[in-house]
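As structure tokens, the structure follows; a few thoughts come after it.
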Amino acid sequence: MLPDLTDLNTFRSLLKQAPGPDRETLRNAADRNAQLTKPPGALGRLEDLAIWYAGWRGDARPSVTAPQVVVFAANHGVAAQGVSAFPAAVTGQMVANFRAGGAAINQLARACGARLDVLALDLDRPTADFTLAPAMSGDDCLAALRAGWGSVDPASDLLVVGEMGIGNTTSAAAICHALYGGEAADWTGRGTGIDDAGLRIKTGVVARGVARQAAGAADGLDLLARLGGREIAAMAGAIAAARVLRIPVVLDGFICCTAAACLHDVCARALDHAVAGHQSDESAHAALLERLGKAPLLSLGLRLGEGSGGALAVNIVKAAVACHSGMATFDEAGVTGG
Ligand SMILES: Cc1cc2ncn([C@H]3O[C@H](COP(=O)(O)O)[C@@H](O)[C@H]3O)c2cc1C
Ligand SMILES: O=C(O)c1cccnc1
17 MLPDLTDLNT
27 FRSLLKQAPG
37 PDRETLRNAA
47 DRNAQLTKPP
57 GALGRLEDLA
67 IWYAGWRGDA
77 RPSVTAPQVV
87 VFAANHGVAA
97 QGVSAFPAAV
107 TGQMVANFRA
117 GGAAINQLAR
127 ACGARLDVLA
137 LDLDRPTADF
147 TLAPAMSGDD
157 CLAALRAGWG
167 SVDPASDLLV
177 VGEMGIGNTT
187 SAAAICHALY
197 GGEAADWTGR
207 GTGIDDAGLR
217 IKTGVVARGV
227 ARQAAGAADG
237 LDLLARLGGR
247 EIAAMAGAIA
257 AARVLRIPVV
267 LDGFICCTAA
277 ACLHDVCARA
287 LDHAVAGHQS
297 DESAHAALLE
307 RLGKAPLLSL
317 GLRLGEGSGG
327 ALAVNIVKAA
337 VACHSGMATF
347 DEAGVTGG
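If you want it as structure tokens, here you go:
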């Protein structure tokens, strides 16, 4: 069902040619929404969410029964610069924790009824420190994109992608700074909780990385290779696969949205199948969501990653779709319309 990803240009064209939502289903779902036993608009954004979901699924009365969460993990050479409050070894240790069921995402995936897959990407081979060399070669980046592309279960009906990679808020900040300009400090936040001195170092690393890598980059995919990490590329690959398969996506925090931003830079329609699950406490996430034109469903002060905010928001999508598909119409219930 999914075409093979042979090279980065194939990836770019698949993204640009991917089908949109089903227009007729969108009309039918909007018609149904107008007949449900509530004042028009009384379910607020839940109504838009259900119609959006219906359109992507091609089913005017859908249900969400098979959500999937995929967490990708990778190590970053830039972590050696002292940009995180935790050592790089935590990435691999957390992968073991995911596999043992002990992390937050294990609980949140279960709480929203999602299956959870964990994909560790060459943990013993960190990407290059991008202040010194491009983080990944084009081939390395393609391999990570392919890992994400192949991780999406075509039978799933809602996707959350999450990440684990000590140092990856530095990588994400650099990509955003390269994509959107401004100052390095505008995009650099505290990640796992670095102090003021750490934040100064991190901001300098982001500035130097962008100064060194961004010139001559063709688009967001080029920047993803030069400044990204394997888990960020894999998230981009999975979000793109879901777009081609018409599986709606719930985006997580700053790092996940940065992966999405790389696709958005290639094609403005690339994220039409995605909603923002939440606004994280990472300082640049709000500005990034604005660039992507996405309003978050939740804002709970999370700053974890792992797909945690996305998994939480799956409950909201499920609830929206349950109302849309399960409620009676005015006619069915014998309720007098307005
Ligand atoms: C125990 C632990 C569990 C985590 N789960 C996600 N992250 C989050 O923190 C990291 C990004 O922050 P920075 O760029 O500051 O390293 C990522 O691995 C992210 O997923 C974690 C971090 C830690 C320490
Ligand atoms: O926004 C996020 O997802 C985030 C923020 C801090 C650390 N890890 C992830």
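All residue numbers for the sequence shown refer to our numbering, where the first residue is 17 and numbers rise by one.
By construction, the Cβ of each residue, glycine as well, lies at the ideal position given by its N, Cα and C atoms.
Pairing A311 with L267, the inter-Cα distance amounts to about 11 Å. Here DSSP, grouped into helix, strand and coil, assigns H193 to helix. Comparing C-alpha distances from N25 to each of A104, G236 and A66 shows the shortest one belongs to G236. In this structure the region 156-167 does not lie against the region 186-205, because fewer than three pairs of beta carbons, one per stretch, are closer than 8 Å.
In the three-state scheme derived from DSSP, where H, G and I count as helix and E and B as strand, R131 is classed as strand. Shortest gap from the CB of M180 to any heavy atom of ligand 1: under 7 Å.
DSSP places A290 in the uninterrupted beta strand (DSSP E) bounded by A290 to A292. For F88, the Cβ stays outside the 7 Å cut-off from all heavy atoms of ligand 1. Here L287 carries a coil assignment [DSSP, helix/strand/coil].
For M110, the enclosing alpha helix (DSSP H) begins and ends at A105 to A116. Beta-carbon to beta-carbon, V222 and T186 are separated by about 6 Å, close enough to satisfy the 8 Å threshold.
Measuring C-alpha to C-alpha distances from C272 to each of A66, V176, T22 and A336 identifies V176 as the nearest. Residue range R246 to L261 is occupied by the alpha helix (DSSP H) that includes V260, with no beta strand (DSSP E) assigned at that position.
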